[in-house]
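Quick note: this note's numbering has the sequence shown finishing at residue 638, numbered continuously throughout.
See structure below.
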Amino acid sequence: MNIKNIAIIAHVDHGKTTLVDAMLRQSGVFGDREELVERAMDSNDIEKERGITILSKNASLDFGGYKINIVDTPGHADFGGEVQRVLKMVDSVLLLVDAFEGVMPQTKYVLKQALEHGLDPIVVVNKIDRPNCTPEEVVDLVFDLFVELGANDNQLEFPVVFASAKNGFAKYELTDEDLNMQPLFETIVKHVKDPEGDPTAPVQMLVTNIAPDNYLGKLATGRIHNGVLNKNQEVTLIKRDGELVNFKITRIFGAEGMNRIELDAAVCGDIVTIAGTEKFDIGETIADRTTPIALPLIDIDEPTLAMTFMVSTSPFVGREGKFVTSRHIWDRLVKEVEHNVSMKIERTESADAFIVKGRGELQLSILIENMRREGFELQVAKPQVIMRTIDGVKCEPIELAIIDVADEFTGVVIEKLGIRKGEMINMVQGTDGYTRLEFKVPARGLIGFRNEFMTETRGTGILNHSFFDYETYKGEVPTRQRGVLISIEHGATTAYSLGNVQSRGTLFANAGLEVYEGMIVGQHSRENDLTVNVTRGKQLTNMRASGTDAVTKLAPAREFTLEQALEYIADDELVEITPLSIRMRKRYLTEGDRKRAGRGTVR
Numbered sequence: 036m037n038i039k040n041i042a043i044i045a046h047v048d049h050g051k052t053t054l055v056d057a058m059l060r061q062s063g064v065f066g067d068r069e070e071l072v073e074r075a076m077d078s079n080d081i082e083k084e085r086g087i088t089i090l091s092k093n094a095s096l097d098f099g100g101y102k103i104n105i106v107d108t109p110g111h112a113d114f115g116g117e118v119q120r121v122l123k124m125v126d127s128v129l130l131l132v133d134a135f136e137g138v139m140p141q142t143k144y145v146l147k148q149a150l151e152h153g154l155d156p157i158v159v160v161n162k163i164d165r166p167n168c169t170p171e172e173v174v175d176l177v178f179d180l181f182v183e184l185g186a187n188d189n190q191l192e193f194p195v196v197f198a199s200a201k202n203g204f205a206k207y208e209l210t211d212e213d214l215n216m217q218p219l220f221e222t223i224v225k226h227v228k229d230p231e232g233d234p235t236a237p238v239q240m241l242v243t244n245i246a247p248d249n250y251l252g253k254l255a256t257g258r259i260h261n262g263v264l265n266k267n268q269e270v271t272l273i274k275r276d277g278e279l280v281n282f283k284i285t286r287i288f289g290a291e292g293m294n295r296i297e298l299d300a301a302v303c304g305d306i307v308t309i310a311g312t313e314k315f316d317i318g319e320t321i322a323d324r325t326t327p328i329a330l331p332l333i334d335i336d337e338p339t340l341a342m343t344f345m346v347s348t349s350p351f352v353g354r355e356g357k358f359v360t361s362r363h364i365w366d367r368l369v370k371e372v373e374h375n376v377s378m379k380i381e382r383t384e385s386a387d388a389f390i391v392k393g394r395g396e397l398q399l400s401i402l403i404e405n406m407r408r409e410g411f412e413l414q415v416a417k418p419q420v421i422m423r424t425i426d427g428v429k430c431e432p433i434e435l436a437i438i439d440v441a442d443e444f445t446g447v448v449i450e451k452l453g454i455r456k457g458e459m460i461n462m463v464q465g466t467d468g469y470t471r472l473e474f475k476v477p478a479r480g481l482i483g484f485r486n487e488f489m490t491e492t493r494g495t496g497i498l499n500h501s502f503f504d505y506e507t508y509k510g511e512v513p514t515r516q517r518g519v520l521i522s523i524e525h526g527a528t529t530a531y532s533l534g535n536v537q538s539r540g541t542l543f544a545n546a547g548l549e550v551y552e553g554m555i556v557g558q559h560s561r562e563n564d565l566t567v568n569v570t571r572g573k574q575l576t577n578m579r580a581s582g583t584d585a586v587t588k589l590a591p592a593r594e595f596t597l598e599q600a601l602e603y604i605a606d607d608e609l610v611e612i613t614p615l616s617i618r619m620r621k622r623y624l625t626e627g628d629r630k631r632a633g634r635g636t637v638r
């Protein structure tokens, strides 16, 4: 059978996973009696909850005598490492662009990666059923983007398919009838190159993904570049440092629709999963035992953000989680970097703190969210950007931010980003009362900006950003303008004491919440921090007087998600994470320790 390997790439929420659903349904992957699962490729709980793809996954379908291997990739810039390694497995990409939103930061990033790998993309303009969409203008914008990124003549001759993944149809021209996905299948078969490779040459397979299996041990997924793989074949794993590890292939799995099927052999060009050794690592080559030849290693962009993970020192430690020691946390981080190529970990001088480096806040917060669901308790510090020295000059990561905002809020957004060293590079007035602003902003300037942005735009603004480049250090960026309210006592909060405190700022705690000394319970209305007692009860006497029994009215407490808490905290604050709670606290819990830390004499 002929093979076509293709990856689907796009900005977050432009419909990649929905398009894969439609292709799988119409190719007969789901049987008559099978339930039609929505977003079938999003298997992870967090992916289903957030509606985003985090891990790249592959499926296959048959069309006209061809086996089409489809790889669904993440759309968020933080998971760019997943996209980079997937491109090593495929011969073309479907570049999906929203007919309403058009070209977005991640569209540019993923297309740049595809063009650099020499792939010829197929452009799919999705969501053409949306009101006020402009599919033809979007095609022009995509062409301009190809030119801007230095595409060659072949790449500029990209085929275009218009589609509505949600409604399950694709067509060559906007005037064609809305029928099915057939035009997309035909375009893939016609334009995607056949896999290169020599089936008679010594076997070579590049490992692009690894996953644990309870019964088979570690599994390696990748594409066979040359030769044929057979079950029980003796092969060699060529490690990154050149070490050769001999092993026997115990299992070979291929994809059939969404399912994994066992194979006796697999030919070059196919994407398969194999078992046989625990020493697999991403980017390494499985080669012939007699003539082991390594394939080029996968180059992944360096991390741009670092965060310190620490053993929890909270008075409440161990109440809700079962994994609280440094050994548990370190072992879990080691396990993470085995399959997450864009993340790195380092030990620190302290045995109870580790530095985790990644591509963005979302990537790191997803790791923390997974850990808390697995029963971990830990505390983390504010994310810090990773500076570099280039040609003797201090440089920092710059993000390309694209903001869609109502016309009335453009002034305040430009002002706020200007304070954070943002440089506006484009401004396009829309026809629907919205304006699109493009900025180059230091990554430091965007940490903590989203909360402020949503407040200033009354929740109506849309902010997207992705890594742009390293540029000369831009100077100091202002951080949070307000101080915090800090609990001075252990105990449960009371409505009476919260009622007395709420005039000082915004509360983060409701009545009846258990707090400890040093825990952050609100935002002060001024720039300085303030210690408050939120556990004191009302003094009761047997005397009654007019007006003393008035009911205390409390405003609803402001609640934080994990990402919001990470953005909110200052340098001297931590986020405490448990399976059931997210708390913000001061690094030093007692007021005496905080004063000594300010003088540099903390014990």
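The C-beta atom is built at its ideal place from N, Cα and C for all residues, glycine as well.
Tell me, please, which residues DSSP counts as bridged to residue i.
{"i": "I523", "result": "For I523, which the question treats as bridged, DSSP gives no partner whatsoever."}
{"i": "S501", "result": "L435"}
{"i": "Q574", "result": "According to DSSP, Q574 bridges with nothing at all."}
{"i": "T271", "result": "N281, A322"}
{"i": "Q239", "result": "N261, A322"}
{"i": "A290", "result": "R295"}
{"i": "V125", "result": "Answer is none; V125 lacks a bridge partner."}
{"i": "I555", "result": "I521"}
{"i": "A45", "result": "L131"}
{"i": "D390", "result": "Reading off the sequence, residue 390 comes out as Ile, not Asp. Note: I390 sits in a beta bridge opposite T343, E381."}
{"i": "Y469", "result": "A441"}
Can you list, in chain order, the residues of its chain with a C-beta nearer than 6 angstroms to that of residue i? Leave out the 5 residues immediately preceding and following it.
{"i": "Y30", "result": "Nothing about residue 30 can be read from this structure; the chain reaches only from 36 to 638."}
{"i": "E355", "result": "T613, P614, L615"}
{"i": "V463", "result": "R471"}
{"i": "R593", "result": "T541, F543"}
{"i": "V307", "result": "I287, G289, A301"}
{"i": "L176", "result": "G137, V138"}
{"i": "V280", "result": "L272, K314"}
{"i": "A632", "result": "Y623"}
Using the beta-carbon count (16 or more within 10 Å), is residue i buried or exposed?
{"i": "I433", "result": "buried"}
{"i": "H500", "result": "buried"}
{"i": "I296", "result": "exposed"}
{"i": "P513", "result": "exposed"}
{"i": "D442", "result": "exposed"}
{"i": "G649", "result": "With the chain running from 36 to 638 in the structure shown, residue 649 is simply not present."}
{"i": "E14", "result": "For the chain, the structure presents residues 36 to 638; residue 14 sits outside this window and is missing."}
{"i": "R493", "result": "exposed"}
{"i": "N167", "result": "exposed"}
{"i": "S560", "result": "exposed"}
{"i": "I403", "result": "buried"}
{"i": "F411", "result": "buried"}
{"i": "G446", "result": "exposed"}
{"i": "G50", "result": "buried"}
{"i": "R408", "result": "exposed"}
{"i": "D276", "result": "exposed"}
{"i": "T694", "result": "Because the chain in this structure spans residues 36 to 638, residue 694 falls outside the shown range and cannot be described."}
{"i": "N93", "result": "buried"}
{"i": "V428", "result": "exposed"}
{"i": "P247", "result": "exposed"}
{"i": "G483", "result": "buried"}
{"i": "Q268", "result": "buried"}
Note down, in chain order, each residue of its chain lying with its Cβ closer than 8 angstroms to the Cβ of residue i, except the 5 sequence neighbours on either side.
{"i": "A386", "result": "S361"}
{"i": "E212", "result": "K206"}
{"i": "L298", "result": "K266, I287, F288, G289, V307"}
Check the C-beta distance from residue i over to residue j and give it rounded, since I have them as a contact under 8 angstroms.
{"i": "V242", "j": "I317", "result": "6 angstroms"}
{"i": "K621", "j": "I521", "result": "6 angstroms"}
{"i": "G435", "j": "K475", "result": "The residue you asked about is not Gly; residue 435 is Leu in the sequence shown. Contact holds; Cβ gap of about 6 angstroms."}
{"i": "F197", "j": "L209", "result": "6 angstroms"}
{"i": "F135", "j": "R165", "result": "5 angstroms"}
{"i": "M293", "j": "A57", "result": "14 angstroms between Cβ atoms; not a contact."}
{"i": "L129", "j": "I157", "result": "5 angstroms"}
{"i": "L146", "j": "L184", "result": "6 angstroms"}
{"i": "V270", "j": "D323", "result": "7 angstroms"}
{"i": "A310", "j": "L254", "result": "5 angstroms"}
Identify, in the order they occur along the chain, each residue of the same chain with its Cβ nearer than 7 angstroms to the Cβ of residue i, setting aside the five sequence neighbours on each side.
{"i": "V569", "result": "S522, T528, S532, L533, V536, A544, V550, V556"}
{"i": "R382", "result": "F389"}
{"i": "D564", "result": "G518, V519, I521"}
{"i": "R618", "result": "M554, E611"}
{"i": "H260", "result": "G232, Q239, M240, L241, C303, L330"}
{"i": "T326", "result": "P237"}
So within the region 185–227, which uninterrupted alpha helix (DSSP H) runs reach at least 4 residues, ignoring any that extend past its ends?
Look at the region 185–227 and you find these whole runs of alpha helix (DSSP H), each 4 residues long or longer: 188–191, 217–226.
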